[in-house]
Amino acid sequence: MIKLKQKVYGILFERNDNMKFYEKDKIIELLKREIVPALGCTEPIAVALASAKAKEILNAFPDTIEILVSGNILKNGMGVGIPGTDMTGLSIAAALGAIGGRSEEGLEVLKYISEKDIKLAKEFVKSEKVSVSLKSKCEKLYIECICRKDDEYSKVIIRREHSNIEYIEHNGDIVCNNTEKLDNLIQKKDNEVELSIEKIYDFATSVDVSEVKFILEGMRLNKAIAEEGLSKEYGLQVGKKIIENIHKGILSNDIMTHAMALTAAASDARMAGCMMPVMSNSGSGNQGITVMLPVVAVGERLNVSEEKLIRALVISNLVAIHIKHHLGKLSALCGCVIAAGGASSGITYILGGDVQNISYAIKNMVGNISGMICDGAKIGCALKVSTGASAAVQSALLAIDGIEVSHMEGIIDRDIENTIINLANIGVEGMGETDKLILDIMLNKS
Numbered sequence: 001m002i003k004l005k006q007k008v009y010g011i012l013f014e015r016n017d018n019m020k021f022y023e024k025d026k027i028i029e030l031l032k033r034e035i036v037p038a039l040g041c042t043e044p045i046a047v048a049l050a051s052a053k054a055k056e057i058l059n060a061f062p063d064t065i066e067i068l069v070s071g072n073i074l075k076n077g078m079g080v081g082i083p084g085t086d087m088t089g090l091s092i093a094a095a096l097g098a099i100g101g102r103s104e105e106g107l108e109v110l111k112y113i114s115e116k117d118i119k120l121a122k123e124f125v126k127s128e129k130v131s132v133s134l135k136s137k138c139e140k141l142y143i144e145c146i147c148r149k150d151d152e153y154s155k156v157i158i159r160r161e162h163s164n165i166e167y168i169e170h171n172g173d174i175v176c177n178n179t180e181k182l183d184n185l186i187q188k189k190d191n192e193v194e195l196s197i198e199k200i201y202d203f204a205t206s207v208d209v210s211e212v213k214f215i216l217e218g219m220r221l222n223k224a225i226a227e228e229g230l231s232k233e234y235g236l237q238v239g240k241k242i243i244e245n246i247h248k249g250i251l252s253n254d255i256m257t258h259a260m261a262l263t264a265a266a267s268d269a270r271m272a273g274c275m276m277p278v279m280s281n282s283g284s285g286n287q288g289i290t291v292m293l294p295v296v297a298v299g300e301r302l303n304v305s306e307e308k309l310i311r312a313l314v315i316s317n318l319v320a321i322h323i324k325h326h327l328g329k330l331s332a333l334c335g336c337v338i339a340a341g342g343a344s345s346g347i348t349y350i351l352g353g354d355v356q357n358i359s360y361a362i363k364n365m366v367g368n369i370s371g372m373i374c375d376g377a378k379i380g381c382a383l384k385v386s387t388g389a390s391a392a393v394q395s396a397l398l399a400i401d402g403i404e405v406s407h408m409e410g411i412i413d414r415d416i417e418n419t420i421i422n423l424a425n426i427g428v429e430g431m432g433e434t435d436k437l438i439l440d441i442m443l444n445k446s
């Protein structure tokens, strides 16, 4: 028996020639680390987290709050609803974080805000005590918050991960500095062997289902906010209108429209500021919604077993994590494309597909909606989420019949891993100027 050892995301796995993982608890840790609850859009929520921590370090309510962010954080914070308010933007997020936020709650930092907190935050913003500026030459995910009270100040920096508080300073004294440690960790990760679609499939189909049953909590959270979105008039009402048009006889009540409605409704509610958490994936709530709900929708309609659904959700989430590892947390490419690729993989598994069929599904997704840009987090994201859900079902149905976009076409390669790398290269290397142009347009619209 040949045994090989390799590192994946900082995790040591041991496998034999049949690709069986023996240290399954480590990949489960990866899932638990990347799939976490989040209340509100993760970019403004990360700003709220920074301001909450800065206020705690200052040990007083600040006179002013100064926020400096990367272009991608600014882009994703301009137009999205902040939970519990009728406002959008990073200023209100920062004010809410300082007034009622609890940093120990991570991406659920605003979980316990009250109506009084919201009122005070609105007054604080109205009095122009919060400033938001663009930070040049920094990570794509960078947030710096400075709270001032009389002659005292505190500074908090979040970098690379939405909940990673990397640096804390109080009146010139460095309280915490994990910059060098994080840089070394990231460099170490970058030199390690990555997951693959084959390894993901092998893990998901062989792991004891009781060890990954926690993933059902993500289904519960995301389905709950979807039902909220279907019952009320949130945002563009994309999901709600799909259901209404089914009732009118304009649309058919099939698997695809069910997946579109459920997924879009969750995004409708979330992006409009609904005070309900979602289970995120790789730091994105919409990605968590898109990676799970199309799979849930298909599983419901086909009445699959709980075990089958759990394994499908493991596949869908890990595929999204794997692709996102190449692409990075924030990009000019819409994250729902990545998540929908994961969803299509999970749907393919539900339909009886093997690892080859799953590879076909991902190639079909890359050949379809890979060019969708991210022009900021906003209520309109529900439209893109709906498109992703539709494409996920369509790609899976083709893949199950052995149909794939040919390697002779576009950015598709014979090898699925090279196809994923090609997609990531477009997002990372090819769309830097696109990202800048998108932000410039957003900042200078009349």
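Position 391 of the sequence shown, counted from 1, bears residue number 391 in UniProt numbering, the numbering being contiguous throughout.
Glycine included, each C-beta is placed from N, C-alpha and C at the ideal position.
Since we're looking at a predicted model, the values are computed, not measured.
Discussion item. Is the separation between the beta-carbon of Ile57 and that of His170 shorter than 8 Å?
Written reply: Yes, Cβ-Cβ distance for Ile57 and His170 is below 8 Å.
Worksheet item: Are the beta-carbon atoms belonging to Gly81 and Met271 less than 8 Å from one another?
Response: yes
Worksheet item: Thinking just about the alpha-carbon of each residue, which of Leu68, Ile99, Gly40, Lys24 is nearest to the one in Ser267?
Response: The residue with the shortest Cα to Cα distance from Ser267 is Gly40.
Discussion item. Pop quiz: Ser280 and Ile35 are said to be a contact at Cβ under 8 Å. What is the actual Cβ separation, rounded to whole angstroms?
Written reply: A Cβ-Cβ distance of about 7 Å is found for the pair Ser280 and Ile35, placing them in contact under the 8 Å criterion.
Worksheet item: Cα separation between Ala224 and Asn286?
Response: 14 Å
Worksheet entry | Given 8 Å, three or more beta-carbon pairs between the segment 341-356 and the segment 59-70 | no
Worksheet item: What does a CB cutoff of less than 6 Å around Leu141 pick up in its chain, not counting 5 residues either side in sequence?
Response: Arg160, Lys329, Leu330
Worksheet item: With 16 other CB atoms within 10 Å as the buried threshold, where does Glu409 fall?
Response: Counting the other Cβ atoms within 10 Å of the Cβ of Glu409 gives fewer than 16, which makes it exposed.
Discussion item. Cutting at 7 Å between CB atoms, please list the residues of its own chain near Ser395, excluding the five before and the five after it.
Written reply: Ser344, Ala361, Asn364, Met365, Asn368
Worksheet item: Quick one: what does DSSP say Glu166 is sitting in, helix, strand or coil?
Response: Here Glu166 sits in strand by DSSP.
Discussion item. Helix, strand or coil for Gly299? Go by DSSP, reduced to three states.
Written reply: If DSSP states are grouped into helix, strand and coil, Gly299 belongs with the helices.
Fill in: Spatial distance of Leu439 from Lys378 (CA atoms)
14 Å
Item to complete: Spatial neighbours of Lys155 within its chain, please: CB distance less than 6 Å, with the 5 preceding and 5 following residues excluded, ordered by chain position.
Response: Ile146, Glu169
Worksheet entry | Contact set for Gly427: own chain, Cβ-Cβ below 6 Å, skip 5 residues either direction | Leu327, Ser331, Leu333
Worksheet item: Rounded to a whole number of angstroms, what is the C-alpha to C-alpha distance between Ile215 and Leu30?
Response: 12 Å
Item to complete: For Tyr234, collect the residues of the same chain with a Cβ closer than 7 Å to its Cβ; drop the 5 residues on either side in sequence, then sort them by chain order.
Response: Asp268, Ala269, Ala272, Cys274
Worksheet entry | Neighbourhood of Leu309 by C-beta, 6 Å cutoff - its chain only, sequence neighbours within 5 removed | Correct list, in chain order: Gly299.
Fill in: Contacts around Tyr349, its chain only, beta-carbon distance under 6 Å, and the 5 residues preceding and following it disregarded
Ala312, Ile315
Item to complete: Please report how far the alpha carbon of Gly100 lies from the alpha carbon of Pro62, in whole angstroms.
Response: 13 Å
Discussion item. Does the segment 240-258 come into contact with the segment 204-220, if we say contact requires no fewer than three beta-carbon pairs (one atom in each stretch) closer than 8 Å?
Written reply: no
Practice prompt. Have a look at Met372 and Val337 and give me their C-alpha separation to the nearest angstrom.
Written response: 7 Å
Worksheet item: Is the distance from the Cβ of Ala340 to the Cβ of Ser282 below 8 Å?
Response: no
Discussion item. Using a Cβ-Cβ cutoff of less than 7 Å, which residues in the same chain neighbour Gly89 once the five nearest sequence positions on both sides are dropped?
Written reply: Gly77, Met78
Worksheet item: In three-state DSSP terms, what is Glu233?
Response: coil
Worksheet entry | Close-in-space but distant-in-sequence residues of the same chain around Asp117 (CB under 6 Å, 5 per side omitted) | Ile99, Gly100
Item to complete: Return the first residue and the last residue of the alpha helix (DSSP H) that Tyr349 is part of.
Response: 335-350
Worksheet item: Within 10 angstroms of its Cβ, does Tyr112 collect 16 or more other Cβ (buried), or is it exposed?
Response: exposed
Practice prompt. Assign Glu152 to one of three DSSP states: helix, strand, or coil.
Written response: Correct three-state label for Glu152: strand.
Fill in: Cβ-Cβ distance between Ala259 and Ala226 below 8 Å
no
Worksheet item: Apart from the five residues on each side of it in sequence, which residues of its chain come closer than 6 Å, Cβ to Cβ, to Leu262?
Response: Ala226, Leu293, Ala297
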